[in-house]
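Enquirer: I have a structure here, written as structure tokens, and I will follow up with some questions on it.
Number of protein chains: 2
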Amino acid sequence: MATGRTHRPATRSRGIPEATVARLPLYLRALTALSERSVPTVSSEELATAAGVNSAKLRKDFSYLGSYGTRGVGYDVEYLVYQISRELGLTQDWPVVIVGIGNLGAALANYGGFASRGFRVAALIDADPAMAGKPVAGIPVQHTDELEKIITDNGVSIGVIATPAGAAQQVCDRLVAAGITSILNFAPTVLSVPDGVDVRKVDLSIELQILAFHEQRKAGEEGSAPEEAAGAVPPPPAAPHRAPSGAPGADSGRQGPDGDVPAVMPA
Amino acid sequence: MATGRTHRPATRSRGIPEATVARLPLYLRALTALSERSVPTVSSEELATAAGVNSAKLRKDFSYLGSYGTRGVGYDVEYLVYQISRELGLTQDWPVVIVGIGNLGAALANYGGFASRGFRVAALIDADPAMAGKPVAGIPVQHTDELEKIITDNGVSIGVIATPAGAAQQVCDRLVAAGITSILNFAPTVLSVPDGVDVRKVDLSIELQILAFHEQRKAGEEGSAPEEAAGAVPPPPAAPHRAPSGAPGADSGRQGPDGDVPAVMPA
DNA sequence: CCATCTTTGTGCACGCGTTCACAAAGACAT
DNA sequence: ATGTCTTTGTGAACGCGTGCACAAAGATGG
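Here is the structure:
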């Protein structure tokens, strides 16, 4: 969902469809819950309901990983947990840096879900000198100046951006230059990255707007007027202006730092 | 992405494909930025790059809304902003409640993106009595007991769940019973909701795992062994156990409250 | 050892989403 | 008015993802 070719266009990575990959964590979570209850096996039907998907879809998903089930019985929970974990690369340790320690950054740092699955917060980074040294979630915040060194020294390949929108692209560029190849972006901006770098976006504002759309639809269809309410008709297309302003092809690409709303309330 | 038929299965709502709806906020953001720079018109090409999508896709998306462009010129920025806003239902005010005021809930409450687009935080709700009355982002936190009353009194139809995983389904049920029809869920759980209720999920853990998958792939393909490293072979399927445990069809559905990791560090 | 029953794994069809490529539409210059 | 040039809007092809429905596999009981 980013600019520079986010995920490769339908990269059926090693034969595993992107859509399937996106569901594996879901299965894994459900399986882990079962594992903790010491349930030895599950049928595709049971697991599917637990994960909130169709059982046929689940079976097809698993078929991409191999034949790990037993007909007439189901899937061995422990074994499947292991296989999915391995497939997702969770059997190894992934150091992660969080850049932008505002409200959201702090919340992420405190997030328990990190450690639980092979992810480890290697460092917290913020541009505010006043934050430096101050511990958040037991980890001292470091200044942006250290960014490159931190990444290199710890061999970090995954970065989380929780800065304001205006700083996001700049931070992104530095992360990428320092060797980061996967980015989780919470800032409301389109990041452009070179090929080979994956960007995933989490955008609260967008999610809400999508909900609003459906909400409006629900309200509208049972209500009264099928189309636009009676009210005043919106301004028409207006007379065409000429658009000689701005640079024709110059500063295109990344727009000004004053992009949109201030990201996610970072300090 | 939830249990109970999240979005209707490919609801081409009023002819507008779901995929298009999901991109409208992206266009809107880019257009708003242009508007603030007083740019009168944009071509599909320019706007597409700004939004990080293909220009053909953008044009097709807009074609679902109507013919708002002028051939040879492009799109009138202001007009398009208005049209998309209206389509997304952002011309009206959407009161929102946030349940679970922990680190994340607080971060969301402070999020500037709410007010900017028709969304208004109507109330903050938390189960911890100690939180009651304490102001977060200038809004006093109210106790869960008030939940139903708050929703009814304010006519809230959108709820944000930022509680621990264990409490999410319970909160969800109460929200729905109180009349909420759109939910944004930050808790790492599959929510089951009745038909007619939309659920959107934001799951940090899942996003990271997806990144890890691709990261592993990158490392693996340039590295050495194309398949599994030399290391010890994982445990084989193991001998099949019988699975008479648990309730056959009883307590299925929502699993125990001790689901997974503690959501998102909510107080 | 055979019959029955459960559950997986998948071939197939269908629909949505993406992309290409081009004709139609309009602006602009002469 | 006419020609040229730009940019939209969309018809059509293609590929991915989903879901159905069933044959194959294996467990279980007699």
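Those protein sequences? They're chains A and B, same order as listed.
When the letters of the first sequence are read in order and numbered with full-length UniProt numbering, they come out as residues 1 to 267.
When the letters of the second sequence are read in order and numbered with full-length UniProt numbering, they come out as residues 1 to 267.
Cβ atoms here follow ideal geometry from the backbone N, Cα and C, with glycine treated the same way.
To test your reading of the DSSP string, which unbroken alpha helix (DSSP H) runs of 4 or more residues are found completely within the UniProt domain "CoA-binding" (89-190) of chain A?
Expert: 103-110, 147-154, 165-177
Enquirer: Quick one: grab the DSSP three-state call for A:Asp-198.
Expert: strand
Enquirer: Measure the Cβ-Cβ separation of B:Phe-186 and B:Leu-90 and say whether it is below 8 Å.
Expert: no
Enquirer: Answer yes or no: do A:Ser-182 and A:Ile-151 have a C-beta to C-beta separation smaller than 8 Å?
Expert: no
Enquirer: Taking beta-carbon pairs under 9 Å, can you tell me which members of the region 202-224 of chain A lie near chain B?
Expert: Val-202, Asp-203, Leu-204, Ser-205, Ile-206, Glu-207, Leu-208, Gln-209, Ile-210, Leu-211, Ala-212, Phe-213, His-214, Glu-215, Gln-216, Arg-217, Lys-218, Ala-219, Gly-220, Glu-221
Enquirer: Any idea if B:Thr-70 is buried or exposed, counting beta-carbon neighbours within 10 angstroms, 16 or more meaning buried?
Expert: exposed
Enquirer: Just how far apart, CA to CA, sit A:Val-141 and A:Ala-122?
Expert: The alpha-carbon separation between A:Val-141 and A:Ala-122 amounts to approximately 11 Å.
Enquirer: For the beta strand (DSSP E) that B:Asp-61 lies in, which residues bound it at each end?
Expert: Secondary structure note for B:Asp-61: it is in no beta strand (DSSP E), and the uninterrupted alpha helix (DSSP H) holding it is 55-65.
Enquirer: Is there a C-beta anywhere in chain A that falls below 8 Å from the one on B:Ile-158?
Expert: yes
Enquirer: Please identify, using Cβ separations under 7 Å, the residues of the region 170-190 of chain B that lie next to chain A, in order along the chain.
Expert: Thr-181, Ser-182, Leu-184, Pro-188, Val-190
Enquirer: Mind listing the chain A neighbours of B:Asp-126? Cutoff is C-beta to C-beta under 8 Å, in chain order.
Expert: Going along chain A, no residue has its Cβ under 8 Å from B:Asp-126, so there is no contact; the nearest lies around 15 Å.
Enquirer: When you compare each of A:Ser-38, A:Glu-207, A:Asp-173 to A:Asp-195 by their alpha carbons, which one comes out closest?
Expert: Checking every option, the nearest Cα to that of A:Asp-195 belongs to A:Asp-173.
Enquirer: DSSP has B:Gly-69 in a bridge; who is on the other side?
Expert: B:Tyr-75
Enquirer: Between the region 18-32 of chain B and the region 43-62 of chain B, do at least 3 Cβ pairs fall closer than 8 Å?
Expert: Between the region 18-32 of chain B and the region 43-62 of chain B, the count of C-beta pairs closer than 8 Å reaches three or more; the two stretches touch.
Enquirer: Classify A:Val-21 as helix, strand or coil using the three-state DSSP reduction.
Expert: helix
Enquirer: If you run the structure through DSSP and keep just helix, strand and coil, what is A:Val-81?
Expert: helix
Enquirer: Should the region 106-117 of chain B be regarded as contacting the region 203-210 of chain A, the criterion being three or more beta carbon pairs within less than 8 Å?
Expert: As far as the Cβ criterion goes, the region 106-117 of chain B touches the region 203-210 of chain A, which means the pair count is three or higher.
Enquirer: Hey, A:Asn-110 and A:Ala-137: beta-carbon distance below 8 Å or not?
Expert: Their beta carbons are under 8 Å apart, which means A:Asn-110 touches A:Ala-137 by this criterion.
Enquirer: Report yes or no: is there a C-beta of chain B within less than 8 Å of the C-beta of A:Val-97?
Expert: no
Enquirer: Given A:Gly-133, which residues of its chain have a CB within under 6 Å of its CB, disregarding the five upstream and five downstream residues?
Expert: Close CB contacts of A:Gly-133 within its chain, under the 6 Å cut and outside five residues either way in sequence, are with Pro-140 (chain order).
Enquirer: So B:Ser-38 is in the alpha helix (DSSP H); what residue range does that whole segment cover?
Expert: For B:Ser-38, no alpha helix (DSSP H) run applies, since DSSP gives it neither H nor E.
Enquirer: At the 8 Å Cβ level, is B:Thr-20 part of the contact set with chain A, yes or no?
Expert: no
Enquirer: Using the C-alpha atoms, what's the distance from B:Glu-87 back to B:Leu-65?
Expert: 8 Å
Enquirer: Does the beta-carbon distance from A:Leu-31 to A:Leu-80 come in below 8 Å?
Expert: At the C-beta level, A:Leu-31 and A:Leu-80 come within 8 Å of one another.
Enquirer: So, are the CB atoms of A:Gly-100 and A:Thr-163 less than 8 Å apart?
Expert: yes
Enquirer: Is the Cβ of B:Asp-195 closer than 8 Å to any Cβ of chain A?
Expert: no
Enquirer: Is B:Ser-67 buried or exposed, if buried means 16 or more other CB atoms sit within 10 Å of its CB?
Expert: exposed
Enquirer: Please confirm if A:Phe-119 has its CB atom under 8 Å from at least one CB of chain B.
Expert: yes
Enquirer: Leaving out five residues on either side along the sequence, give the residues of the same chain with a beta carbon under 6 Å from the beta carbon of B:Val-171.
Expert: Val-99, Ile-161, Thr-163
Enquirer: Under 8 Å by Cβ, that's how I've got A:Val-156 and A:Ile-125 pegged, so tell me the actual separation to the nearest angstrom.
Expert: Rounded, the Cβ-Cβ distance is 11 Å, inconsistent with contact.
Enquirer: What does a CB cutoff of less than 7 Å around B:Ser-35 pick up in its chain, not counting 5 residues either side in sequence?
Expert: Val-77, Glu-78, Val-81
Enquirer: Per DSSP, which one or two residues make a beta bridge with A:Thr-42?
Expert: It is worth fixing the name first, because residue 42 of chain A is Val in this sequence and not Thr. Per DSSP, A:Tyr-75.
Enquirer: When the Cα atoms are used, what is the spatial distance from A:Phe-62 to A:Val-197?
Expert: 27 Å
Enquirer: To the nearest angstrom, how far is the alpha carbon of B:Thr-20 from that of B:Glu-46?
Expert: 18 Å
Enquirer: Is A:Asn-103 close to chain B? Criterion is C-beta to C-beta, closer than 8 Å.
Expert: yes
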